[in-house]
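Reading through the C-alpha cells given below for one structure.
Residue numbers (my numbering): 8 to 322.
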C-alpha cells in the first residue's frame, strides 16, 4: 500500500513533500502520475505526493477574511480525516496557534530545524532610500521593520515565494522580506541580499520547522513519521507553541519567539509588538520543561501588557 503525502500545491510545498518522501527512504511518485525516477515502478509503501488546493492559496485578499492561517490547513485536514491522504507536511509557522488540531489528527514528527532567519531580497535594508517599498504580509516582520527602519514602507504581498520574487523583478517592490529556509527549499537562496540576525528580526513561532501530521489511529504512518522526529526541535517548538497558545495568538498577532536548547536546558526569547513597531515587550527565560517554559514567558509578557497589543489588531 502506498503512502499518500498530502501537501499544498505551491512549488515550495511540493519541494518539502519530496524532501519528506526522500527521508522516508524512497523516491516519490510525481503528482503527474510518473515517478521522479522514470525507470522505477510504484512499489508498495512508495510515497505518492498528493497536491491539494487550499482556500488560502486560491484567495488573493487578506487572510483575515478567510479566518487566518487556518485557510492553509483546513482542506488538508479534511482530506486526511476522509482518508484521502495518509501524511500531511506542514510549515509549522503556518499552523494556527489559537485553535487545536481536529480530533483524530496529531503531529507525529518535527524534522530537524532549518535556518530560522529572515532575509532581505533585492537590497540590504540600510542601502534603501526613504519610502522604499518592502513586500511582506507578516505583521511580525512589518512591526519589526517599522521599529528598526521607520523610513521604509512595508506593503502587503500575497502568493507563493516564486510569485513574490516575480513581483519584485517586475518592479512592484524595492525589496522583499522572506524566510531563508523557504528560499533554500526552492533553490533561490543566492537571491538573499541580507540575512537578518535574530536580534535584528526575531523569528516566527515554528520558523524553519516542517511538521508531519498523521491520523492518530494510523499506527503504521505514525511509526514511519516518528522515525524522522528530532527531539531537540520538538522541545524547542513545544515551548514556542505553548507561548503562542497562552497568548492566544492568531495569524495577525505581532508575536515573535525563538527557543534554543543546550543539553537539557531550553532558552526561550519572545516579543510582542504594536503594529506600528513603536512598542515592544520582550521576555527571556530558561527551563527544562518546554510547555511550562512557554507558559511562563507568555505570563511575563501578559503581565506587562501584551494582551492590549495583541487585541489591538483585528482578526
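Just so it is clear, CB atoms sit at the ideal spot from N, CA and C, and this is done for glycine as well.
Of all alpha-carbon atoms in 113, 283 and 85, the one lying nearest the alpha-carbon of residue 158 is that of 283.
Here DSSP, grouped into helix, strand and coil, assigns residue 200 to strand.
Residue environment: residue 8 is assigned as exposed (fewer than 16 neighbouring CB atoms within 10 Å of its CB, all protein chains considered).
Of the other Cβ atoms in all chains shown, fewer than 16 fall within 10 Å of the Cβ of residue 295; this residue is therefore exposed.
For the set 234, 145 and 127, the Cα lying nearest the Cα of residue 181 is the one of 127. Secondary structure at residue 151: helix, using DSSP grouped into helix, strand and coil. Counting C-beta atoms within 10 angstroms of its own C-beta, residue 297 has 16 or more neighbours from the protein chains shown and is therefore classed as buried. Shown here, residue 239 sits in a helix according to DSSP, grouped into three states. Nearest to residue 120 by C-alpha distance, out of 189, 156 and 171, is 189. When the alpha-carbon of residue 200 is set against those of 135, 276 and 237, the nearest one is in 135.
One thing to note: residue 250 has its Cβ within 7 angstroms of the Cβ of residue 305. In the structure shown, the three-state DSSP call for residue 301 is helix. Beta-bridge partners of residue 142 (DSSP): 162 and 183. Here DSSP, grouped into helix, strand and coil, assigns residue 245 to helix.
The Cβ neighbour count for residue 245, taken over all protein chains shown within 10 Å, is at least 16; the residue is labelled buried. Annotation: the stretch 260-314 contains the following complete segments of the alpha helix (DSSP H) (minimum length 4 residues), in chain order: 297-310. When the beta-carbon positions are compared, residue 303 and residue 289 stay at least 7 angstroms from each other. Under the three-state reduction of DSSP output, residue 13 falls in the strand class. Residue 15 holds the alpha-carbon nearest to the alpha-carbon of residue 57 among 15, 102, 89 and 31.
DSSP lists no bridge partner for residue 210.
If you look at residue 176, you'll find it in the alpha helix (DSSP H) that goes 168-176.
Per DSSP, the unbroken beta strand (DSSP E) holding residue 113 starts and ends at 112-117. Here residue 226 carries a helix assignment [DSSP, helix/strand/coil]. Looking at the DSSP output, residue 97 bridges to 218. Cβ neighbours of residue 146 within its own chain (closer than 6 angstroms, five residues either side excluded): 259 and 261.
DSSP places residue 30 inside the alpha helix (DSSP H), whose first and last residues are 18-30. Contact between the stretch 192-211 and the stretch 78-87 is not established, with fewer than three Cβ pairs separated by less than 8 angstroms.
Judged by their CB atoms, residue 228 and residue 117 are not nearer to each other than the 7 angstroms cut-off.
The Cβ atoms of residue 226 and residue 115 do not sit closer than 7 angstroms to each other. When DSSP states are grouped into helix, strand and coil, residue 59 belongs to the strand group.
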